[in-house]
Amino acid sequence: MRIIIILFLFFLNLNSKDFSYTYPSTRANSMGTAFSSIADDVFSMFYNPAGLTQVKDWESGASINSKLSDRKSF
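According to the numbering used here, the sequence shown is numbered sequentially starting from 16.
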């Protein structure tokens, strides 16, 4: 019985993630976060830091995420 419990605990996988996690870039969200290969804007430091070499000029970005507000889908 002890071996079964040890094996169960060995293969037990516990994960936790915020159910409403949003990424900083709306462009990446619209692509289903499959964005790391074409990351060429200011938010590329979040997805693929090597993509910062593709930024040609000065850029700035802003992202607002209010986790305290009610979520509504329309």
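Ideal placement from N, C-alpha and C gives every residue a C-beta, glycine not left out.
Please read all numbers here as calculations on a predicted model, not as lab measurements.
**Prompt:** At what residues does the alpha helix (DSSP H) containing Asn44 begin and finish?
**Reply:** Run containing Asn44: 41-45, per the alpha helix (DSSP H) assignment.
**Request:** Note down the Cα distance separating Met46 from Leu24, rounded to an integer number of angstroms.
**Result:** Roughly 37 Å separates the two Cα atoms.
**Prompt:** Is any heavy atom of the ligand GTP found at a distance shorter than 7 Å from the C-beta of Ile20?
**Reply:** Ligands in the displayed structure: none, and consequently the ligand GTP is not present.
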